[in-house]
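Protein chains: 2
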Amino acid sequence: MYKLSYEYLFELVKQKNDLELNRQLEKTHPADIAEIINDLPSDFAFYVFAKLTDEMASDVIAELNDEAKETILDRVKEARLIRIIDEMETDEAADILSDLKDEISSKVLENIDKVDSDSIKDLLTYDEESAGGLMKTEIISVNRKMKRDELIDDIRGKYSDIENIHYIFVIDDDEKLIGVLEVVRLLLAQENNIAEDLMEKEVLFAPVTMDQEKVARIFRKYDLFVLPVVDEKGKLLGRITVDDIIDVIDDEASEDAYKMVGLENEDKVFTSPLNSVKKRLPWLTLNLFTALIVSSVVGIFEQTIAKLSILAVLMPIVAGLGGNSGTQTLTVITRGIALGELTIHNTYKAIFKEVLVGIINGVLIGTFAIILAYLLKGQILLGVVLGVAMVANMFIAGFFGAVVPVIMKSLKLDPALASSVIITMLTDIGGFASFLGLATILL
Amino acid sequence: MYKLSYEYLFELVKQKNDLELNRQLEKTHPADIAEIINDLPSDFAFYVFAKLTDEMASDVIAELNDEAKETILDRVKEARLIRIIDEMETDEAADILSDLKDEISSKVLENIDKVDSDSIKDLLTYDEESAGGLMKTEIISVNRKMKRDELIDDIRGKYSDIENIHYIFVIDDDEKLIGVLEVVRLLLAQENNIAEDLMEKEVLFAPVTMDQEKVARIFRKYDLFVLPVVDEKGKLLGRITVDDIIDVIDDEASEDAYKMVGLENEDKVFTSPLNSVKKRLPWLTLNLFTALIVSSVVGIFEQTIAKLSILAVLMPIVAGLGGNSGTQTLTVITRGIALGELTIHNTYKAIFKEVLVGIINGVLIGTFAIILAYLLKGQILLGVVLGVAMVANMFIAGFFGAVVPVIMKSLKLDPALASSVIITMLTDIGGFASFLGLATILL
Numbered sequence: 000m001y002k003l004s005y006e007y008l009f010e011l012v013k014q015k016n017d018l019e020l021n022r023q024l025e026k027t028h029p030a031d032i033a034e035i036i037n038d039l040p041s042d043f044a045f046y047v048f049a050k051l052t053d054e055m056a057s058d059v060i061a062e063l064n065d066e067a068k069e070t071i072l073d074r075v076k077e078a079r080l081i082r083i084i085d086e087m088e089t090d091e092a093a094d095i096l097s098d099l100k101d102e103i104s105s106k107v108l109e110n111i112d113k114v115d116s117d118s119i120k121d122l123l124t125y126d127e128e129s130a131g132g133l134m135k136t137e138i139i140s141v142n143r144k145m146k147r148d149e150l151i152d153d154i155r156g157k158y159s160d161i162e163n164i165h166y167i168f169v170i171d172d173d174e175k176l177i178g179v180l181e182v183v184r185l186l187l188a189q190e191n192n193i194a195e196d197l198m199e200k201e202v203l204f205a206p207v208t209m210d211q212e213k214v215a216r217i218f219r220k221y222d223l224f225v226l227p228v229v230d231e232k233g234k235l236l237g238r239i240t241v242d243d244i245i246d247v248i249d250d251e252a253s254e255d256a257y258k259m260v261g262l263e264n265e266d267k268v269f270t271s272p273l274n275s276v277k278k279r280l281p282w283l284t285l286n287l288f289t290a291l292i293v294s295s296v297v298g299i300f301e302q303t304i305a306k307l308s309i310l311a312v313l314m315p316i317v318a319g320l321g322g323n324s325g326t327q328t329l330t331v332i333t334r335g336i337a338l339g340e341l342t343i344h345n346t347y348k349a350i351f352k353e354v355l356v357g358i359i360n361g362v363l364i365g366t367f368a369i370i371l372a373y374l375l376k377g378q379i380l381l382g383v384v385l386g387v388a389m390v391a392n393m394f395i396a397g398f399f400g401a402v403v404p405v406i407m408k409s410l411k412l413d414p415a416l417a418s419s420v421i422i423t424m425l426t427d428i429g430g431f432a433s434f435l436g437l438a439t440i441l442l
Numbered sequence: 000m001y002k003l004s005y006e007y008l009f010e011l012v013k014q015k016n017d018l019e020l021n022r023q024l025e026k027t028h029p030a031d032i033a034e035i036i037n038d039l040p041s042d043f044a045f046y047v048f049a050k051l052t053d054e055m056a057s058d059v060i061a062e063l064n065d066e067a068k069e070t071i072l073d074r075v076k077e078a079r080l081i082r083i084i085d086e087m088e089t090d091e092a093a094d095i096l097s098d099l100k101d102e103i104s105s106k107v108l109e110n111i112d113k114v115d116s117d118s119i120k121d122l123l124t125y126d127e128e129s130a131g132g133l134m135k136t137e138i139i140s141v142n143r144k145m146k147r148d149e150l151i152d153d154i155r156g157k158y159s160d161i162e163n164i165h166y167i168f169v170i171d172d173d174e175k176l177i178g179v180l181e182v183v184r185l186l187l188a189q190e191n192n193i194a195e196d197l198m199e200k201e202v203l204f205a206p207v208t209m210d211q212e213k214v215a216r217i218f219r220k221y222d223l224f225v226l227p228v229v230d231e232k233g234k235l236l237g238r239i240t241v242d243d244i245i246d247v248i249d250d251e252a253s254e255d256a257y258k259m260v261g262l263e264n265e266d267k268v269f270t271s272p273l274n275s276v277k278k279r280l281p282w283l284t285l286n287l288f289t290a291l292i293v294s295s296v297v298g299i300f301e302q303t304i305a306k307l308s309i310l311a312v313l314m315p316i317v318a319g320l321g322g323n324s325g326t327q328t329l330t331v332i333t334r335g336i337a338l339g340e341l342t343i344h345n346t347y348k349a350i351f352k353e354v355l356v357g358i359i360n361g362v363l364i365g366t367f368a369i370i371l372a373y374l375l376k377g378q379i380l381l382g383v384v385l386g387v388a389m390v391a392n393m394f395i396a397g398f399f400g401a402v403v404p405v406i407m408k409s410l411k412l413d414p415a416l417a418s419s420v421i422i423t424m425l426t427d428i429g430g431f432a433s434f435l436g437l438a439t440i441l442l
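Which chain is which? The protein sequence lines are D and A, in order. Per numbering that gives the first Met the number 0, the very first residue in the first sequence carries number 0; after that it's consecutive. Per numbering that gives the first Met the number 0, the very first residue in the second sequence carries number 0; after that it's consecutive.
Written out as structure tokens, the structure reads:
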């Protein structure tokens with residue numbers, strides 16, 4: 000596989016060495032070109048893009064990151080855009096069109112191939128995060144009565160327009176999906192075999208409205224490469240390929256990691272600073288309020304602190320460990336939910352386990368803290384207060400870290416929304432209140 | 000697709016209704032059976048497993064979670080185990096064998112099909128997290144000079160032993176990989192075509208030692224279904240299929256989420272409590288020490304707090320917001336690194352952006368805090384101290400949240416190791432020191 004370097008391409012653009020530039024682009028994989036364009040300054044990026052053939056450009060654009068895609072789409076001429084989109088698979092074309100202004104998008108739809116245009120219009124009606132939003136309509140569907148050689152001729156006719164033909168889909172006279180046929184079986188078939196004889200009847204499919212996370216779970220569970228999509232009557236509409244599912248899995252993993260710390264999915268490494276500020280501010284404001292609640296809990300014990308300022312010095316220890324321990328539990332549980340490991344049959348076991356782990360860790364770390372407090376400060380009672388508060392707070396961490404996401408899930412809310420800000424608030428309150436409360440009583 | 004319910008299967012086992020149980024298991028997909036076995040009490044789980052045919056059992060066992068797999072493998076008789084493993088694909092057999100005791104594993108290897116046994120022994124020599132650890136040796140490789148009908152006959156001979164034959168791999172006389180041939184192209188080929196004419200010459204492959212994360216990145220970037228694996232001389236050894244890559248992507252996403260909060264990958268929802276305690280304790284101990292460092296920073300200002308106990312009440316606000324803001328930046332950057340969005344050409348931009356976002360958010364939230372402090376406590380100077388400390392700490396959060404994982408990466412350490420514990424320590428210190436320091440000077 001030929002590999003073009005960023006530095007070399009950069010030089011070629013700088014020198015405007017078009018001859019060599021074209022030669023290089025021709026032998027480089029579109030995904031590699033896209034990777035370089037992502038990093039180029041926008042003028043250079045557009046210069047390179049302008050050199051690509053329409054077909055190559057259609058492959059490259061599908062692989063660009065959001066920022067680079069926007070830059071290019073803003074500058075490309077309408078006539079070229081139409082030719083490029085005409086070369087794309089329907090699912091990619093629909094993705095691009097949904098990002099364009101309405102008047103440009105309808106102009107494109109008027110001017111590309113009619114069949115594709117109709118398919119794309121249909122695709123645009125589905126939720127982007129559903130099976131319909133993921134599927135492409137390029138598919139080989141054959142009637143159940145078709146003979147081997149008819150099937151082969153049918154594939155031959157469509158071969159140049161469709162990528163990844165590994166399965167063909169068998170439908171009945173009402174266009175209902177009734178089976179799937181691996182191409183290799185057709186290769187090994189006898190002349191008198193018909194589609195029905197060769198197909199696998201136990202066929203998995205996704206309803207067109209199914210959420211993408213569920214679709215991904217089907218791919219994962221049954222180790223699939225391709226999954227057909229049907230409407231409510233069972234009519235075959237399209238297929239989802241596994242490469243698009245990998246994107247879904249990446250997005251969902253980012254989303255989970257993001258929600259946990261109150262980030263929105265569109266807040267990427269290179270989102271503009273002002274956009275990032277706008278997206279993070281509401282959550283930080285929420286955080287300011289949870290911090291005020293925590294602060295007011297500490298306020299209850301202000302008199303105690305005024306008498307014994309060492310408490311203010313030690314109190315972050317209990318809160319800090321509780322916070323980290325709670326986030327650990329939260330992560331284990333939300334990840335278990337995301338991967339489908341937690342079911343109604345086993346959730347109580349998981350909560351019980353996390354509470355137990357919290358208590359045991361609390362006892363161990365608490366004991367350690369007592370010893371340290373004694374060695375460092377020579378204070379046994381203060382150490383005991385610290386240790387007992389630690390156990391209490393680790394219990395709180397284990398309990399809420401497990402229960403909050405489970406409750407979220409049962410309320411059909413996203414479990415990852417039980418983000419660290421909630422858990423940290425609870426463990427902060429737990430830590431400060433138990434430590435300062437005990438100190439008020441005992442010291 | 001037939002769907003068996005947990006409750007119904009549970010009842011069948013309870014009633015020992017073997018006739019119906021067998022009927023149900025026969026028509027259920029192995030992945031669905033595995034899902035139910037995962038949740039069953041271990042006696043029930045083994046009872047169901049014992050009813051499965053060897054072939055079905057080999058499919059089911061590959062889909063079980065770690066706990067259920069261990070329970071089953073502990074109890075299954077050696078003779079049955081040998082028959083089951085004989086039915087498996089080589090990569091799955093190698094995974095199972097690496098979990099078994101050495102004497103059992105070598106007994107199995109002696110008694111299964113010789114060719115498979117040799118392949119599995121080879122597979123066991125590779126690092127589990129490398130291309131070699133992911134690949135299976137079931138592959139169709141053909142000489143470049145083979146004619147169309149010879150190729151078809153070759154596939155026919157191996158068809159029953161190999162799943163997912165969508166590509167065949169073309170080798171030269173030295174067994175070196177020189178091309179890949181889609182089955183559909185063979186289907187459409189002329190009788191006089193030879194492998195060389197039909198194959199794609201620009202072939203992607205993974206060296207056998209390549210790290211699995213890199214392999215996953217190749218699949219992701221080039222939208223692959225299957226990738227051949229070669230040794231250092233270019234000799235074809237096996238192939239990796241995309242379903243195994245989805246597992247890698249899931250594992251890596253879990254790993255990143257886990258490392259961020261100091262968890263180990265094997266610490267799952269149903270890991271035994273004592274194992275979880277053992278795995279989390281070292282990190283919590285480290286956390287105890289970072290908390291002590293933070294505490295000792297607060298200790299420097301003990302006199303100030305003794306005079307003005309309201310400071311102890313307000314100080315968690317600055318630290319808390321800094322901690323959350325820092326974890327946000329950390330998450331954006333580590334996720335960007337994981338998905339390959341950060342390169343040497345753009346990292347400085349990302350750091351600069353995060354610092355800027357931190358400062359802007361600090362100014363906004365800080366101003367808000369000043370107003371709140373004035374409204375709630377009627378104190379303007381205290382509010383200013385709070386606000387300025389907030390800006391300082393948000394700057395610290397943005398800077399270290401971005402720089403620490405980047406440094407980790409450039410030291411070839413895992414960026415996710417720049418876990419929340421380090422960032423929280425830095426923002427805690429930053430928050431307490433700036434707030435208490437400013438207060439000492441100004442109040």
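Beta carbons: idealized from backbone N, C-alpha and C, even for Gly. Computed from a predicted model, the values in this text were never measured in an experiment.
key: Residues near VAL114/D in its chain [Cβ-Cβ closer than 7 Å; skip 5 each side]   = none
query = Considering LEU235/A, what are the terminal residues of the beta strand (DSSP E) in which it resides?
reply = 235 to 240
task = Could you tell me if PHE204/D is buried or exposed, where buried requires 16 or more neighbouring beta carbons within 10 angstroms of its beta carbon?
result = buried
query = Quick one: is GLN327/A buried, meaning 16 or more other Cβ sit within 10 Å of its Cβ, or exposed?
reply = buried
ASN142/D in three-state terms, based on DSSP = strand
query = Okay, do the segment 421 to 437 of chain D and the segment 384 to 394 of chain D touch, 3+ Cβ pairs below 8 Å being the bar?
reply = yes
ask   = Nearest CA to the CA of PRO437/A: which residue from THR303/A, ASN323/A, GLU353/A?
value = In the sequence under discussion, the amino acid at residue 437/A is Leu, which differs from the Pro named in the question. Of the listed residues, the one whose Cα sits closest to LEU437/A is THR303/A.
key: Residue of THR89/D, ALA78/D, LEU355/D minimising C-alpha distance to LYS277/A   = LEU355/D
request  = Tell me whether ILE406/A is buried or exposed, calling it buried when 16 or more other Cβ atoms sit within 10 Å of its Cβ.
outcome  = exposed
request  = Please classify GLU251/D: is it buried, with 16 or more other beta-carbons within 10 angstroms of its beta-carbon, or exposed?
outcome  = buried
key: Within 7 Å, strictly: CB atoms of PHE434/D and VAL317/D   = yes
message = In whole angstroms, give me the CA-to-CA distance for LEU8/A and LEU235/D.
response = 32 Å
C-alpha gap between LEU359/D and ALA337/D, whole angstroms = Per the sequence shown, residue 359/D should be read as Ile rather than Leu. Answer to the nearest angstrom: the Cα atoms are 27 Å apart.
Boundaries of the alpha helix (DSSP H) in which GLU195/A is found, first to last residue = 194 to 197
ask   = According to DSSP, what are the bridge partners of PRO206/D?
value = VAL229/D
request  = Since I believe LEU262/D is in contact with THR423/A (beta carbons under 8 Å), could you give me their beta-carbon distance rounded to a whole number of angstroms?
outcome  = No, THR423/A and LEU262/D are not in contact; Cβ-Cβ is about 17 Å, not under 8 Å.
ask   = So is ALA372/A in contact with chain D if we call contact Cβ pairs under 7 Å?
value = no
query = Taking the continuous alpha helix (DSSP H) assigned at LEU18/D, which residues delimit it?
reply = 17 to 25
ask   = Can TYR5/A and ILE35/A be called in contact, C-beta distance under 7 Å?
value = yes
inquiry  = Just to confirm my understanding: we take LYS144/D, look at its own chain, exclude 5 residues before and 5 after, and list those with CB closer than 6 Å. What are they?
reply    = ILE193
ask   = Can you tell me the Cα-Cα spacing of LEU187/D and ILE151/A, whole angstroms?
value = 7 Å
inquiry  = Short of 8 Å in beta carbon distance, which residues of its chain neighbour ILE84/D, apart from the five on each side in sequence? Order them along the chain.
reply    = SER57, ALA92, ILE95, LEU96, VAL107, ILE111
inquiry  = For VAL241/D and ILE309/D, I'd like the C-alpha separation in whole angstroms.
reply    = 59 Å
key: Contact residues within the segment 142 to 157 of chain A, judged by C-beta distance below 7 Å to chain D   = ILE151, ILE154, ARG155
query = Using a beta-carbon distance below 7 Å, is ASN286/D in contact with chain A?
reply = yes
Own chain partners of ALA125/D with C-beta closer than 6 Å, once the 5 adjacent residues on each side are dropped = Just to set this straight, residue 125/D is Tyr in the shown sequence, not Ala. GLY131, GLY132, listed in sequence order.
task = Determine the extent of the alpha helix (DSSP H) in which LEU72/D is found, giving its start and end residues.
result = 65 to 74
request  = Taking GLY261/D as the query, report the chain A residues whose CB atoms sit under 8 Å from its CB, ordered along the chain.
outcome  = ASN323, GLN327
query = Below 7 Å between beta carbons: does that hold for ASP90/A and LYS135/A?
reply = yes
key: CB contact below 7 Å: ILE304/A versus chain D   = yes
key: At least 3 beta-carbon pairs within less than 8 Å: the segment 19 to 34 of chain A vs the segment 44 to 62 of chain A   = yes
Backbone secondary structure at GLY131/D - three-state DSSP = helix
task = Please report the residue range of the alpha helix (DSSP H) in which VAL403/D lies.
result = 379 to 409
ask   = How about ILE245/D and ARG219/A: are their beta carbons less than 7 Å apart?
value = yes
request  = Could you confirm whether any beta carbon from chain A is found closer than 7 Å to the beta carbon of ASN360/D?
outcome  = yes
Cβ-based neighbour list, VAL182/A, same chain, cut-off 8 Å, excluding 5 preceding and 5 following = ILE154, ILE164, HIS165, TYR166, ILE167
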